[in-house]
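Report on one structure; see the data block that follows.
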């Protein structure tokens, strides 16, 4: 099966990458962008989704500064 | 100690690049440097361990995230629990936070730029095995070289660090946006220390300064050998 994990900085955590992109967009003429947050997309093919939660907690995300969510794609 | 040399280990991961500098500084301080390969299942009986700087596992996923699960980390965590002195420098600091041996995390620098320069810092706590030979409040310049050195922890953890005197080193000019200009901290039992600046790069006058050498000399004293 295919699982998609989304990892992103917790709200309130400084996200310098997002901030840099937010500032770059108006420079290209794209207006009205209030905030940009950048995370990480992880797709895995595995036999069972039983251990995805543990994978997220122990390795894929750092719960100190990141939050995550995941879904089974197929 | 009757000629018994203190043995200080340096962990080496794929992508470590300050391991040689750390081994050099340890020898200069008068201890026996011991290489600890990441796939080793033992610490070879060393008295203290340095987790050096570099880009372990290419910093893939997050700096320190992969190294934290390598084989040598099992005995290192046991060593930490038994009170053994451990110093993480730069990437080593990142590894120790990922391993939860130190609180918080090192985020991307606020500037989004890799910072490589010499910065003035102050020794805030001498009550650790790695800083005991400094004068409290001692100010010195140390090299920093990092992309993720921006110290972050939740408000409660930061006030605990401050209240318990566990901020070990503080920037006088904050190069990366760290909360409270924190450059280094120690664990609850004070034996585990993490520093973003590189004392090993200032361990010999020929490198520009030897004011970082006391970090390595301090741990000799804590191991029972006068310097």
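Residue numbers (the working numbering), protein chains in the order written: chain U, 16 to 89; chain S, -9 to 217.
Cβ coordinates follow ideal geometry from the N, Cα and C atoms, glycine included.
| Grouping DSSP H, G and I as helix and E and B as strand, with all else coil, what is residue 193 of chain S? | The DSSP-derived three-state label of residue 193 of chain S is coil.
| What distance in whole Å lies between the Cβ atoms of residue 18 of chain U and residue 75 of chain U, which are believed to be in contact at a cut-off of 8 Å? | Taking C-beta atoms under 8 Å as the contact rule, residue 75 of chain U and residue 18 of chain U fail to qualify, at a distance of about 11 Å.
| Counting Cβ pairs, one atom from each stretch, are 3 or more of them under 8 Å apart for the segment 161 to 177 of chain S and the segment 127 to 145 of chain S? | The answer is yes - the segment 127 to 145 of chain S touches the segment 161 to 177 of chain S, with three or more Cβ pairs under 8 Å.
| query | Near residue 55 of chain U, what residues of its chain come up, given a Cβ to Cβ distance below 6 Å and the 5 sequence neighbours on each side ignored? | reply | The beta carbon of residue 55 of chain U is closer than 6 Å to those of 22 in its chain, skipping five residues each way along the sequence.
| request: Take the Cβ of residue 45 of chain U as the centre, count every other Cβ of all protein chains shown within 10 Å, and call the residue buried at 16 or more, exposed below. | output: Flag for residue 45 of chain U reads exposed.
| said: My parser needs the alpha helix (DSSP H) runs of 4 or more residues fully inside the segment 19 to 74 of chain S; what are they? | reply: Within the segment 19 to 74 of chain S, the complete alpha helix (DSSP H) runs of at least 4 residues are 63 to 71.
| task | Give the DSSP-derived three-state secondary structure of residue 199 of chain S in the structure shown. | result | Assigned with DSSP and collapsed to three states, residue 199 of chain S falls in strand.
| message | Could you tell me the alpha carbon to alpha carbon distance between residue 39 of chain U and residue 125 of chain S, rounded to whole angstroms? | response | When rounded, the distance between both Cα atoms is 46 Å.
| task | Would you mind sorting residue 87 of chain U into buried or exposed? The rule is 16 or more other CB atoms within 10 Å of its CB. | result | With fewer than 16 other beta carbons inside 10 angstroms of its own, residue 87 of chain U counts as exposed.
| said: Which residues of the segment 24 to 41 of chain U have a Cβ closer than 7 Å to any Cβ of chain S? Give them in chain order. | reply: Of all residues in the segment 24 to 41 of chain U, the ones placed with a Cβ closer than 7 Å to any Cβ belonging to chain S are 28, 29, 31, 32 and 35, in chain order.
| 8 Å Cβ cutoff, residue 7 of chain S in contact with chain U | No, its Cβ sits nowhere closer than 8 Å to a Cβ of chain U.
| message | Can you look up residue 163 of chain S in the DSSP assignment and give me helix, strand or coil? | response | In this structure, residue 163 of chain S counts as coil in the three-state DSSP scheme.
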